[in-house]
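Numbering (our numbering), first residue to last: 2 to 367.
Right under this line is the structure:
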């Protein structure tokens, strides 16, 4: 198979616009697949990188939340076929390291397809002058086509709409997994979700599906609170009104509070809204190095729990198909997350909208 031309949005460094370029894509190697991308969500994690809050290498095809259709298989690929609809995982557990073996594969120390495909053995994208271009998080989903590790391509039900499949690749799995996997919310427990973006709305949907009550959404943007109630939240409030509302609805705080923004002040608010003996789960990613304060004496005396939830403590091969099935069964109203469908030329405006906290999720459609 010869190299082919693909259009991609390339990250050139922090605080610089993405570069829309035509690149050469080499065919898949051993253990790899060629994927024709159908959709890619624009994630707040992307904005952290673009705005220089997370250090990441330049000269990579950007994006990490996407879905596509397999067009070709490299050697030594089993379990996938041309034509499969796949959601791409920016980390896929190796199943062999000590962390995977002890039952925490979401913390795998040697995930398949991760990194940014910058080593000579991994590079599949290049410019016409031969200079290499990596793939952000191993999948670089802001590209018309991409070569990825086969283990990072997770087959899902082909009835799943492309834009929904794309969002399952990060936001939805992060939010749903935080409720089902990390916090393990049970029916009848009270839940507060701080932040009603793509991740927070997904957490709200999962809490409702789990039978939690009440389910309280907290956000500073009124339009997002409206979305949260459409997603099933029983109550909604701005941060300044949250303490009074939670006190009114619960006895001493919520059983579970999930922070889905990633700011020190909302982390502290989340802890304050949690009842003694309750669980605070941190889902939102802060800028690197950001710290929050807690009253350690009170935290210990009241027997509280604080959990971190990376990627919803998910196993992509298990959770991607399960979440798509829940959507198809009508149990997760994920269509609410899609604010706008855009092309690659709409990425800069999508980032600007995120800075304004406007909408839930914008999705590139190819």
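Glycine included, every Cβ here is placed at the ideal spot set by N, Cα and C.
Here the structure is a predicted model, which means the values were calculated and not measured.
### Message
Check whether the stretch 19 to 36 and the stretch 327 to 335 are in contact - that is, three or more C-beta pairs closer than 8 Å.
### Response
no
### Task
Look up residue 110 in the DSSP assignment and say whether it is helix, strand or coil.
coil
### Task
Drop a sphere of 10 angstroms on the beta-carbon of residue 137, count the other beta-carbons inside from all chains shown, and report buried for 16 or more, exposed for fewer.
buried
### Task
Check the Cβ-Cβ distances between residue 342 and every residue of chain C, and say whether any is below 8 Å.
The chain labelled as chain C is not found in the depicted structure, where only one protein chain is given.
### Task
Along the alpha helix (DSSP H) that carries residue 223, what are the first and last residues, could you check?
223 to 231
### Query
Using the beta-carbon count (16 or more within 10 Å), is residue 43 buried or exposed?
buried
### Within 8 Å, strictly: CB atoms of residue 156 and residue 81
yes
### residue 314 (DSSP reduced to helix, strand or coil)
helix
### Task
State yes or no: is the C-beta of residue 189 within less than 8 Å of the C-beta of residue 90?
no
#### Entry: Whole-angstrom C-beta distance between residue 228 and residue 202, which should lie under 8 Å
6 Å
### Query
If you draw a straight line from the alpha carbon of residue 304 to that of residue 108, how long is it in whole angstroms?
26 Å
### Query
Does DSSP put residue 277 in a helix, in a strand, or in coil?
strand
#### Entry: residue 355 burial status per 10 Å Cβ neighbour count (16 or more: buried)
buried
### Query
residue 129 and residue 180 look like a contact to me (Cβ under 8 Å); what is the Cβ gap, rounded to whole Å?
The Cβ separation is near 47 Å, so there is no contact.
#### Entry: 6 Å CB neighbourhood of residue 14 in its chain, flanking five on each side removed
59
### Task
Under 8 Å by Cβ, that's how I've got residue 309 and residue 327 pegged, so tell me the actual separation to the nearest angstrom.
About 24 Å; that fails the 8 Å criterion.
### Query
In whole angstroms, what is the alpha-carbon distance linking residue 244 and residue 361?
24 Å
### Message
Please report the straight-line C-alpha distance between residue 311 and residue 175, rounded to a whole angstrom.
### Response
7 Å
### Selection from 100, 88 and 249 that minimises the alpha carbon distance to residue 160
88
### Task
With a cut-off of 8 Å on the beta carbons, I'd call residue 112 and residue 97 a contact; round off their distance for me.
Actually they do not touch by this definition, with Cβ atoms about 11 Å apart.
### Host beta strand (DSSP E) of residue 178 (start-end)
Taken as a continuous stretch (DSSP letters only), residue 178 belongs to no beta strand (DSSP E), being part of the alpha helix (DSSP H) at 172 to 178.
#### Entry: Limits of the alpha helix (DSSP H) - the one that residue 163 falls within
163 to 169
### Query
Going by C-alpha distance, which of 192, 168 and 142 is nearest residue 325?
168
### Task
Kindly indicate which three-state DSSP category residue 128 falls into: helix, strand or coil?
coil
### Message
Three or more C-beta pairs under 8 Å: does that hold for the stretch 44 to 51 against the stretch 59 to 69?
### Response
yes
### Query
Taking the alpha helix (DSSP H) that residue 47 falls in, what are its first and last residues?
45 to 51
### Query
What residue ranges within the stretch 4 to 31 form continuous beta strand (DSSP E) runs of no fewer than 3 residues, ordered along the chain?
5 to 12 and 20 to 26
### Straight-line gap, residue 173 to residue 204 (C-alpha atoms, nearest Å)
8 Å
### Query
Tell me which same chain residues have a C-beta within less than 6 Å of the C-beta of residue 57, skipping the five on either side of it?
50
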